[in-house]
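Everything below concerns the one structure shown next.
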Amino acid sequence: MKHERLIALDAFRGATIAGMMLVNNPGSWTNVYRQLEHARWNGWTFTDMIFPSFLFIVGVAMTFSFRSRMQEGSDKTKLYWHIIRRTVIIFLLGVILNGFPSYHLATIRIPGVLQRIAICYFIASLIVLNSGIRAQSIWTVSLLALYWMMVKLIPVPGYGAGVMQPVGSLCWYVDSHVFAGHTYAYAPAPGFDPEGIVSTIPSVATVLFGVLTGHWLQSKYTSKEKAMWMFSGGIIFILLGLVLNIWLPINKNMWTSSSVC
126 MKHERLIALD
136 AFRGATIAGM
146 MLVNNPGSWT
156 NVYRQLEHAR
166 WNGWTFTDMI
176 FPSFLFIVGV
186 AMTFSFRSRM
196 QEGSDKTKLY
206 WHIIRRTVII
216 FLLGVILNGF
226 PSYHLATIRI
236 PGVLQRIAIC
246 YFIASLIVLN
256 SGIRAQSIWT
266 VSLLALYWMM
276 VKLIPVPGYG
286 AGVMQPVGSL
296 CWYVDSHVFA
306 GHTYAYAPAP
316 GFDPEGIVST
326 IPSVATVLFG
336 VLTGHWLQSK
346 YTSKEKAMWM
356 FSGGIIFILL
366 GLVLNIWLPI
376 NKNMWTSSSV
386 C
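Position one of the sequence shown corresponds to residue 126 (the working numbering), numbered consecutively onward.
See below:
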């Protein structure tokens with residue numbers, strides 16, 4: 126069976142990769158445009174939108190991939206094995222790249238970009254294969270609400286609840302204990318990891334936003350109607366994120382619920 130590709134998704138993926146190459150290789154690190162650097166903590170720049178875009182793309186592509194495999198005769202068991210294999214491969218590649226070239230096992234970073242992609246892909250895949258669009262929407266909102274409540278209400282020993290700083294936040298506390306000595310060396314604070322455990326929860330929601338968009342792109346509406354509603358939805362979510370920023374700062378390091386919007 127010949128697979129039809131979604132040109133818009135390929136274009137977005139290509140643009141995201143080009144953006145990644147630009148921010149990772151700006152030419153001279155002594156003179157870098159502010160938008161080609163990550164926000165130091167709260168706020169966002171062009172660079173901070175690259176990784177979320179990749180996770181969003183994973184979600185969109187997932188809906189097309191799963192539908193194609195089901196049409197070719199794959200059952201859920203085969204899909205589960207496909208998901209597990211892909212998850213393990215991507216995760217291990219991330220760890221291998223983190224250790225290159227020295228591979229000091231005592232300090233090798235365990236979390237990472239590819240590791241987060243693998244975990245988010247795995248969790249989102251299970252949700253997609255076992256729920257409908259309505260349930261997936263509920264999962265998306267619930268994950269964002271759960272994360273918000275966790276970082277605001279769960280007290281961190283010695284710091285209390287609701288700390289939204291590199292040191293003292295729930296994200297920092299969990300990662301510094303679980304991955305002691307194996308976190309990102311250039312993080313805002315020792316022990317903190319921008320691809321850590323707790324902040325993976327809203328990252329799954331980012332993938333699910335892509336999944337819901339994938340469903341919409343496969344609906345029977347015209348291309349013009351799809352584009353119009355996606356543009357309108359994008360504006361609404363930008364405004365929602367700015368409003369939520371009042372109570373929960375937009376922060377890519379912690380992948381706050383407001384930043385997902």
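Ideal placement from N, C-alpha and C gives every residue a C-beta, glycine not left out.
Bridge partners - residue 281, DSSP secondary structure assignment: Numbered from its first residue, the sequence shown carries residue 281 at position 156. Per DSSP, 285.
Supposed close pair residue 147, residue 161 - CB separation, criterion 8 Å: Here residue 147 corresponds to residue number 22 of the sequence shown, with the count starting at 1. Here residue 161 corresponds to residue number 36 of the sequence shown, with the count starting at 1. Indeed, because the Cβ distance is near 7 Å, the residues count as touching under 8 Å.
Whole alpha helix (DSSP H) elements within the segment 163-248, 4-residue minimum: 175-196, 201-224
Which listed residue (357, 344, 245) has its alpha carbon closest to that of residue 332: Position 207 of the sequence shown, counted from the first residue, corresponds to residue 332. If we check each option's Cα against that of residue 332, 245 comes out closest.
Selection from 155, 239, 265, 269 that minimises the alpha carbon distance to residue 212: Translated into positions along the sequence shown, residue 212 becomes position 87. Of the candidates 155, 239, 265, 269, the one whose C-alpha sits nearest the C-alpha of residue 212 is 239.
Strand pairing of residue 376, partner residues [DSSP]: For this step, residue 376 is matched to residue 251 along the sequence shown. In DSSP, residue 376 forms a bridge with 168.
Simplified DSSP assignment, three categories, for residue 358: One-based indexing of the sequence shown puts residue 358 at position 233. The answer is helix: DSSP assigns residue 358 an H, G or I state.
The segment 375-385 in contact with the segment 160-179 per 3-pair CB rule at 8 Å: yes
Touching by the beta-carbon criterion (3+ pairs, under 8 Å), the segment 316-323 and the segment 280-298: yes
Delimiting residues of the alpha helix (DSSP H) encompassing residue 138: As a position in the sequence shown, residue 138 is number 13, starting the count at 1. Here the alpha helix (DSSP H) through residue 138 covers 132-149.
Three or more C-beta pairs below 8 Å linking the segment 180-189 and the segment 324-339: yes
DSSP three-state assignment for residue 334, whether helix, strand or coil: Here residue 334 refers to the residue found at position 209 when the sequence shown is read from its first residue. In the structure shown, residue 334 sits in a helix (DSSP, three-state: H, G or I).
Simplified DSSP assignment, three categories, for residue 325: Residue mapping note: residue 325 aligns to position 200 of the sequence shown, counting from 1. Residue 325: helix per DSSP, three-state reduction.
Under 8 Å between C-beta atoms of residue 290 and residue 188: As a first step, residue 290 is located in the sequence shown; it is residue number 165 there, counting from the start. As a first step, residue 188 is located in the sequence shown; it is residue number 63 there, counting from the start. Not a contact, by the Cβ cut-off of 8 Å.
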